[in-house]
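**Student:** Encoded as structure tokens, here's the structure I'll be asking about.
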Amino acid sequence: MALVLASMSGCAKAPNTETADVGHHRVRFVLPKDWERLDHGRQQLFRMGENQISLVDEGPATPEALVAEVQAAANLWQAGRRKDAVQRIREIRHPALRFASSGQRLSFWTPWTDATYGRDSVAIGDAFGKMIEAIDLLPVVAPESLAEYVLFPPSTFRRKEVARQDSTTIHGADWIDVQLWDMVSHMNRSRVAYVVNRGYLLVLSTDHGLYEVSAPAFEALLASMEVTAATPATP
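This is the structure:
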């Protein structure tokens, strides 16, 4: 009998464990049965029929990570990769910039806009340092502000509210796990979980499809995730 059980155990199909570099994050997870993954670099899509879950690197979330982004752009500029440097600056997003006062935002962006308006190469090179100095003037992002930044982007019409929010530690990473629903009907549920990993924000969310189908896959993905730093790409 023990021999039969051992044989059956040996034939059991191993979990479909995969690893993906999601922007600044290397993530190891178990792909749910019957779901497929589409690799778009900083955005990973998990699909089964009309149901979709996404895992996205949402960029820097700490002052140190914002400094690193500006410095990375400066390094590209100094290496002669001017277009890449400009694009890197254009893609900068950060919760402190969203919740900053207009004066604080101006102190960060003005050195760049002034230098690029004049197309002065030396001035542009100096602008990176001034932007880094201005980061100290940006507001501290409280946990509730970070939650609003993740859950309610300014580009979306706010029709949902938080139904439940929990903190959970998964493989050493501290995740915030949020359930949302329509603020009037308490239907149209969705789920979002996020973690700040080495200064950068990683977000797992149900995008569309039947919540009853997506929720178990979301739960399984989240429970299996091991997040570390991605191997730096060659500039």
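The sequence shown begins at 22 in the numbering used here and counts up by one.
Cβ atoms here follow ideal geometry from the backbone N, Cα and C, with glycine treated the same way.
Does Val183 have its Cβ less than 7 Å from a Cβ in chain B?
**Tutor:** Any reference to chain B falls outside this structure, which holds one protein chain only.
**Student:** What is the DSSP secondary structure of Asp157, counted as helix, strand or coil?
**Tutor:** As a position in the sequence shown, residue 157 is number 136, starting the count at 1. Three-state result, Asp157: helix.
**Student:** Indicate the three-state DSSP secondary structure (helix, strand or coil) for Lys190 in the structure shown.
**Tutor:** Translated into the one-based positions of the sequence shown, residue 190 becomes position 169. The sequence shown places Thr at residue 190, rather than the Lys named in the question. Three-state result, Thr190: strand.
**Student:** In its own chain, which residues sit with a C-beta less than 7 Å from the C-beta of Glu39, not counting the 5 before and 5 after it?
**Tutor:** One-based indexing of the sequence shown puts residue 39 at position 18. Contacts found: Phe50, Leu52 and Arg58.
**Student:** State buried or exposed for Ser206, treating a residue as buried only when at least 16 other CB atoms are found within 10 Å of its CB.
**Tutor:** As a working mapping, residue 206 is identified with position 185 in the sequence shown. Looking at its Cβ environment, which holds fewer than 16 other Cβ atoms inside 10 Å, Ser206 is exposed.
**Student:** I'd like the ranges of any alpha helix (DSSP H) spanning at least 4 consecutive residues and lying wholly in the segment 77 to 116.
**Tutor:** Listed in chain order, they are 84 to 99 and 103 to 111.
**Student:** In three-state DSSP terms, what is Ala251?
**Tutor:** By one-based count along the sequence shown, residue 251 stands at place 230. Here Ala251 sits in coil by DSSP.
**Student:** Quick one: what's got a C-beta closer than 7 Å to Thr137's C-beta in the same chain, skipping five residues either side?
**Tutor:** For the purposes of this step, residue 137 is taken as the residue at position 116 of the sequence shown. Same-chain partners within the cutoff: Ile145.
**Student:** Where do the ends of the beta strand (DSSP E) carrying Val48 lie?
**Tutor:** Along the sequence shown, read from residue 1 onward, the residue named residue 48 stands at position 27. From DSSP, the beta strand (DSSP E) with Val48 extends over His46 to Val51.
**Student:** Whose C-alpha, out of Val213, Ser245 and Ala89, is nearest the C-alpha of Tyr170?
**Tutor:** As a first step, residue 170 must be located in the sequence shown, where it is residue number 149. Closest by alpha carbon: Val213.
**Student:** Suppose the cutoff is 6 Å on Cβ atoms and the five residues either side in sequence are ignored; what does the same chain contact list for Arg210 look like?
**Tutor:** Counted from its first residue, the sequence shown places residue 210 at position 189. The answer, listed in chain order, is Trp202 and Tyr232.
**Student:** For Gly139, is the classification buried or exposed, using 16 other Cβ atoms within 10 angstroms of its Cβ as the cut-off for buried?
**Tutor:** For this step, residue 139 is matched to residue 118 along the sequence shown. Answer is exposed; the Cβ neighbour count stays below 16.
**Student:** Between which residues of its own chain and Pro36 is the CB-CB distance below 6 Å, once the five residues before and five after are set aside?
**Tutor:** As a working mapping, residue 36 is identified with position 15 in the sequence shown. Around Pro36: Val51.
**Student:** Decide yes or no for the touch test of the segment 68 to 82 against the segment 111 to 121: beta carbon pairs closer than 8 Å, at least 3 of them.
**Tutor:** Touching, yes.
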